[in-house]
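In what follows, a single structure is set out as structure tokens and then discussed.
Residue numbers (this note's numbering), protein chains in the order written: chain G, 10 to 360; chain A, 14 to 199.
This is the structure in structure tokens:
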């Protein structure tokens, strides 16, 4: 049959209408915000801190090595490294040792949830579990076990030198200094105006400590934004650190949440809130940034937490290996990111 | 006797039965309306503090001139910090109550010294507009003890809450009137 020129077929017309409708739908989806009505509040009613989340790339002197290493923890809380460079991660009710590729090597079940771990100089693993301390030999056998001297206690960090085990107690706001048998030798950091000790301030349950080659224990005073140096006798020798949302300060109400010591005597710190991992030298002078919110995968650093777990687990833990590589445990996503000094920054430092 | 059919009902009986039927229907309808109204009033609007993102819509979208949403404080969660990130701007000149250092644009948070170095923070509710600025600061850096709640001494419990419609994080929900608040705990 001969088609009439100038008359549109009904099929073509239907197709055109459908195409226009689909096009309009796609345009509406792309152009209009369907996530809710935007606030019409004037600027003074809005919390603007995005400028602080942006870090000058020139200050970032570390780079991530490989992809983040996934763990099978529901709630990881602490990381440490053995002499061979294997990672030991504590969380849930277990300890798991991983090789550098992230392959689980072995696992130790614990009687309850661990809160902190650290190796001693003999290669034994010291595990803190709220108010209990266990020392495990390399095979996972219990060598020593004791309870904190107070009925209520929350041990958030463990450290050890040749003769002592130190346990940071966030509830009692002090560091217990034990001998190797678990007897209390001293209390460090408790408020004592006669000894010029202002006291530890711990607004949230983050309270880290680290041993240092000079024999003084480094104690984070998060509410005051300080890192303090104590003798085992409990004398407070000096402190460094200051509050500040700028890159050299410790942001928020209570930071840093984690501390580790580099082979050159410098310090690695991790902050919550405005998540930043930074490096300071032995005197506490700012050296550079390991990673900021972007590098740690926290694109929205200032959002209000979305789940109860997220609200409780905002702090990261850090560890350092003998080569100076920095291991950052993201306790929310339960992944480990490894960072090493980037070559250009290392070359600049060498000059 | 004449057989009665629907077509030939006496007028008086028709009216009587019609009135009864109408009265019963009206009574049923009234009961249904009361029942439905009662059922509606068993639930009230509330903000889930774990979903709230402090966007500011609570301050601008409530049908009331002064929003029914106010900031509340879970004291058990608070760190009583000197440098409170819900009270101070990100870079305060000093940690004092000077207006230039305060985060709240209406000055609705009261800072009271407790003992060195602790301070208590309370909400001056008549001044709070429910913008959530302090909530964001407290959640981002602190313990999240400041959060927003619909105050039921003010809320008129609209069938369709205007703030709930505008809430980008779906934090608004209906809760039983017996437990009208969703509190945070430590």
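Backbone N, C-alpha and C fix where the C-beta goes; we use that ideal spot for every residue, glycine too. Quantities reported herein were computed from a predicted structural model and do not represent experimental measurements.
Exercise for review: Please list the residues of the stretch 210-242 of chain G that have a C-beta atom closer than 9 Å to any C-beta atom in chain A, keeping them in chain order.
Suggested key: 210, 211, 212, 213, 232, 233, 234
Exercise for review: With distances taken Cα to Cα, identify the nearest neighbour of residue 152(A) among 97(A), 124(A), 38(A).
Suggested key: Reading the second chain from its first residue, position 139 is the one you call residue 152(A). The option with the nearest alpha carbon to residue 152(A) is 97(A).
Exercise for review: Return no unless some Cβ of chain A is closer than 8 Å to the Cβ of residue 261(G).
Suggested key: Indexing the first chain from 1 puts residue 261(G) at position 252. So yes, residue 261(G) belongs to the interface.
Exercise for review: Going by CA-CA distance only, name the one from 339(G), 128(G), 92(G), 294(G) that's closest to residue 86(G).
Suggested key: The count along the first chain starts at 1 and reaches residue 86(G) at position 77. Per the Cα distances, 339(G).
Check your understanding: How would you write the range of the alpha helix (DSSP H) that residue 74(A) sits in, first residue to last?
Key -> Locating residue 74(A) in the second chain gives position 61, counting from the first residue. Under the DSSP assignment, residue 74(A) falls in the alpha helix (DSSP H) whose first and last residues are 70-74.
Review point. What span of residues does the alpha helix (DSSP H) with residue 176(A) cover, start to end?
Key: Taking the second chain and counting its residues from 1, the one referred to as residue 176(A) is at position 163. 175-179 is the extent of the alpha helix (DSSP H) around residue 176(A).
Exercise for review: Give the residues from the stretch 142-166 of chain G that approach chain A closer than 7 Å (Cβ to any Cβ), ordered along the chain.
Suggested key: none
Review point. Can you name, in chain order, every residue of its own chain whose Cβ lies under 8 Å from the Cβ of residue 194(G), other than the five neighbours on each side?
Key: Position 185 of the first chain, counted from the first residue, corresponds to residue 194(G). Only 173, 186, 187, 188, 241 meet the Cβ criterion.
Practice item. Look up residue 125(A) in the DSSP assignment and give the residues it is bridged to. Key: Counting from 1 along the second chain, the entry for residue 125(A) is found at position 112. The partner list for residue 125(A) (beta bridge, DSSP) reads 133(A).
Practice item. Using a Cβ cut-off of 8 Å (strictly closer), state whether residue 286(G) contacts chain A. Key: For the purposes of this step, residue 286(G) is taken as the residue at position 277 of the first chain. It does not; no Cβ of chain A falls within 8 Å.
Point to revise | Reference residue 279(G), options 290(G), 184(G), 301(G), closest by Cα | key: In the first chain, the residue the question calls residue 279(G) occupies position 270. If we check each option's Cα against that of residue 279(G), 301(G) comes out closest.
Point to revise | Backbone CA spacing between residue 163(A) and residue 119(A) [nearest angstrom] | key: What you label residue 163(A) is simply residue 150 of the second chain in a count that begins at 1. What you label residue 119(A) is simply residue 106 of the second chain in a count that begins at 1. Going by the C-alpha atoms only, they are around 19 Å apart.
Review point. Is residue 274(G) closer than 8 Å to residue 252(G) when the C-beta atoms are compared?
Key: Counting from 1 along the first chain, the entry for residue 252(G) is found at position 243. Counting from 1 along the first chain, the entry for residue 274(G) is found at position 265. Not in contact: residue 252(G) and residue 274(G) (Cβ atoms no closer than 8 Å).
Check your understanding: Do you know how far the Cα of residue 77(G) is from the Cα of residue 121(A)?
Key -> Position 108 of the second chain, counted from the start, is the residue given in the question as residue 121(A). Position 68 of the first chain, counted from the start, is the residue given in the question as residue 77(G). For residue 121(A) and residue 77(G), the distance between alpha carbons rounds to 43 Å.
**Study point:** Proximity below 8 Å, CB of residue 135(G) to CB of residue 126(G)
**Key:** The sequence position of residue 135(G) within the first chain is 126, counting from 1. The sequence position of residue 126(G) within the first chain is 117, counting from 1. Yes; because the gap between Cβ atoms is below 8 Å, this pair is in contact.
Practice item. Identify, in the order they occur along the chain, each residue of the same chain with its Cβ nearer than 6 Å to the Cβ of residue 110(A), setting aside the five sequence neighbours on each side. Key: Here residue 110(A) is taken as the residue at index 97 of the second chain, counted from 1. Excluding positions up to five away in sequence, the list reads 124.
Check your understanding: Which same chain residues, not among the five before or five after residue 261(G), have their C-beta less than 6 Å away from its C-beta?
Key -> Your numbering for residue 261(G) matches position 252 in the first chain. Counting only Cβ-Cβ distances below 6 Å, and skipping sequence neighbours, we find 282.
Exercise for review: Tell whether a beta-carbon distance below 8 Å holds between residue 181(G) and residue 245(G).
Suggested key: Residue numbering aside, residue 181(G) sits at position 172 when the first chain is read from its first letter. Residue numbering aside, residue 245(G) sits at position 236 when the first chain is read from its first letter. It is not a contact, given that the beta carbons lie outside the stated cut-off.
Check your understanding: Of all the CB atoms in chain G, is at least one closer than 8 Å to the CB of residue 114(A)?
Key -> Counting from one through the second chain, the residue named residue 114(A) turns up at place 101. For residue 114(A), the answer is no, since every Cβ of chain G falls outside 8 Å of its Cβ.
Practice item. Kindly list the residues whose CB is nearer than 6 Å to the CB of residue 213(G), restricted to its own chain and excluding five residues on each side of it in sequence; keep chain order. Key: Residue numbering aside, residue 213(G) sits at position 204 when the first chain is read from its first letter. If we look at residue 213(G) and ignore the five residues flanking it on each side, its Cβ neighbours are 263.
**Study point:** Reduced DSSP secondary structure (H/G/I, E/B, other) of residue 133(G)
**Key:** The residue labelled residue 133(G) in the question sits at position 124 within the first chain. Of the three classes helix, strand and coil, the one that applies to residue 133(G) here is coil, per DSSP.
Check your understanding: With which residues is residue 73(G) paired in a DSSP beta bridge?
Key -> The residue labelled residue 73(G) in the question sits at position 64 within the first chain. Paired residues: 348(G).
Exercise for review: State the DSSP-derived secondary structure class of residue 196(A), mapped to helix, strand or coil.
Suggested key: Residue numbering aside, residue 196(A) sits at position 183 when the second chain is read from its first letter. Residue 196(A): coil per DSSP, three-state reduction.
Point to revise | Interface residues of the stretch 44-70 of chain G facing chain A [CB-CB below 7 Å] | key: 44, 45, 46, 48, 49, 50, 53, 54, 55, 56, 58, 61
Review point. Who does residue 79(G) pair with in a DSSP beta bridge?
Key: On the first chain, position 70 is the one that residue 79(G) refers to. 344(G), per the DSSP bridge assignment.
Exercise for review: Find the nearest neighbour of residue 272(G) within the set 287(G), 328(G), 333(G), 285(G), judged by alpha-carbon distance.
Suggested key: Within the first chain, numbered from 1, the residue matching residue 272(G) stands at position 263. Ranking the options by Cα distance to residue 272(G), first place goes to 333(G).
**Study point:** Any chain A beta carbon closer than 8 Å to residue 176(G)
**Key:** Your numbering for residue 176(G) matches position 167 in the first chain. Not a single C-beta of chain A is nearer than 8 Å to the C-beta of residue 176(G).
Exercise for review: Tell me whether the beta-carbon of residue 157(A) lies closer than 8 Å to the beta-carbon of residue 134(A).
Suggested key: To locate residue 157(A), count along the second chain from 1; it is residue 144. To locate residue 134(A), count along the second chain from 1; it is residue 121. Annotated as distal: residue 157(A) and residue 134(A), with beta-carbon spacing of 8 Å or more.
Exercise for review: Look up residue 88(A) in the DSSP assignment and say whether it is helix, strand or coil.
Suggested key: Taking the second chain and counting its residues from 1, the one referred to as residue 88(A) is at position 75. The answer is helix: DSSP assigns residue 88(A) an H, G or I state.
Review point. When you compare each of 126(A), 66(A), 82(A), 80(A) to residue 95(A) by their alpha carbons, which one comes out closest?
Key: Position 82 of the second chain holds residue 95(A). Comparing Cα-Cα distances from residue 95(A) to each of 126(A), 66(A), 82(A), 80(A), the minimum goes to 126(A).
**Study point:** Neighbourhood of residue 144(G) by C-beta distance below 6 Å, restricted to the same chain and skipping five residues each side
**Key:** To locate residue 144(G), count along the first chain from 1; it is residue 135. Contacts found: 133, 135, 152, 153.
Review point. If you measure from the beta carbon of residue 75(A) to each beta carbon in chain G, is any gap under 8 Å?
Key: Position 62 of the second chain holds residue 75(A). Taking Cβ atoms only, chain G never reaches closer than 8 Å to residue 75(A), which makes this a no.
Review point. Quick one: Cα of residue 171(G) to Cα of residue 199(G), how far?
Key: Locating residue 171(G) in the first chain gives position 162, counting from the first residue. Locating residue 199(G) in the first chain gives position 190, counting from the first residue. Approximately 23 Å, taken between the alpha carbons.
Check your understanding: For residue 287(G), which residues does DSSP report across the bridge?
Key -> For the purposes of this step, residue 287(G) is identified with residue 278 of the first chain, where counting begins at 1. DSSP output for residue 287(G) lists 278(G), 298(G) as bridge partner(s).
**Study point:** Whole runs of the beta strand (DSSP E) within the stretch 155-221 of chain G, excluding any shorter than 3 residues
**Key:** Scanning the stretch 155-221 of chain G from its first residue to its last, the whole beta strand (DSSP E) runs of 3-plus residues come out as 164-169, 173-178, 183-188, 193-197.
Practice item. Look at residue 81(A) and residue 168(A) and say whether their C-beta atoms are less than 8 Å apart. Key: For the purposes of this step, residue 81(A) is identified with residue 68 of the second chain, where counting begins at 1. For the purposes of this step, residue 168(A) is identified with residue 155 of the second chain, where counting begins at 1. The answer is yes: Cβ separation under 8 Å.
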